[in-house]
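**Q** Taking the numbering used here, the leading residue of the sequence shown gets 3, the next gets one more, and so forth. We treat Cβ as the ideally placed atom computed from N, Cα and C, and that holds for glycine. Small disclaimer: the values here were computed from a predicted structure and weren't measured. First the structure, which I've put down as structure tokens, then a few questions once you've had a look.
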Amino acid sequence: MKTAKITVWSLIALGIFIGLNYVMQLPVLGLGQQQLVRTDLIAGMLFIIPLLLIWFHLRVGLAVLALVQSLYTMGYLNGLYRIIASSHVTTSVKLLVSGLLLGALLVNFYWFRLAWQIRRALTNERVTRYLKYRK
3 MKTAKITVWS LIALGIFIGL NYVMQLPVLG LGQQQLVRTD LIAGMLFIIP
53 LLLIWFHLRV GLAVLALVQS LYTMGYLNGL YRIIASSHVT TSVKLLVSGL
103 LLGALLVNFY WFRLAWQIRR ALTNERVTRY LKYRK
């Protein structure tokens with residue numbers, strides 16, 4: 003059950019990242035254009051590969067996905083700084099994009115909470131199994 007829950011929230015986080023990637027590239031923000039398709043493909047691979055590892059019950063998948071989520075969290079903080087620091091963007095657009103970025107940060111923090119619960123459950127299971135055979 004926890005694996006399904008973390009998968010759903012990981013895919014939600016990926017969708018939010020791709021959506022915010024397009025929002026940050028809008029001409030009204032004037033923050034520059036990048037190669038969006040390549041960025042989206044890389045983001046998808048960075049999410050899908052660790053998710054497959056998690057589904058095959060390899061703990062390293064959770065660690066790799068946590069690293070990816072932390073990188074995207076730093077990207078959201080960078081985007082928030084860039085929006086607030088840009089002087090040519092209207093206040094209403096700044097508030098809208100800042101709200102979207104803060105929502106994405108909340109989703110990521112919830113994801114980290116879920117990951118911590120899964121990690122704790124896996125560790126307890128491993129310790130119990132170890133102690134059972136140690137007797």
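(1) Using alpha carbons as the reference points, say which of Ile20, Ala106, His90, Phe58 lies closest to Leu43.
(2) Identify whether Pro29 lies in helix, strand or coil by the three-state DSSP scheme.
(3) Look at the alpha carbon of Leu98 and the alpha carbon of Ile85, and state the distance between them as a whole number of angstroms.
(4) Look up Phe58 in the DSSP assignment and say whether it is helix, strand or coil.
(5) State the DSSP-derived secondary structure class of Gln37, mapped to helix, strand or coil.
(6) Hey, would you say Gly63 sits closer than 8 Å to Leu53, going by beta carbons?
(7) Val10 to Val109, Cα distance in whole Å?
(8) Taking all protein chains shown into account, do 16 or more other C-beta atoms lie within 10 angstroms of the C-beta of Gln119, making it buried, or fewer, making it exposed?
(9) Who are the Cβ neighbours of Arg121 in its own chain at under 7 Å, not counting the five residues just before and after it?
**A** To lay it out plainly:
(1) Ile20
(2) coil
(3) 10 Å
(4) coil
(5) coil
(6) yes
(7) 11 Å
(8) exposed
(9) Cβ neighbours of Arg121 beyond the five flanking positions: Leu64.
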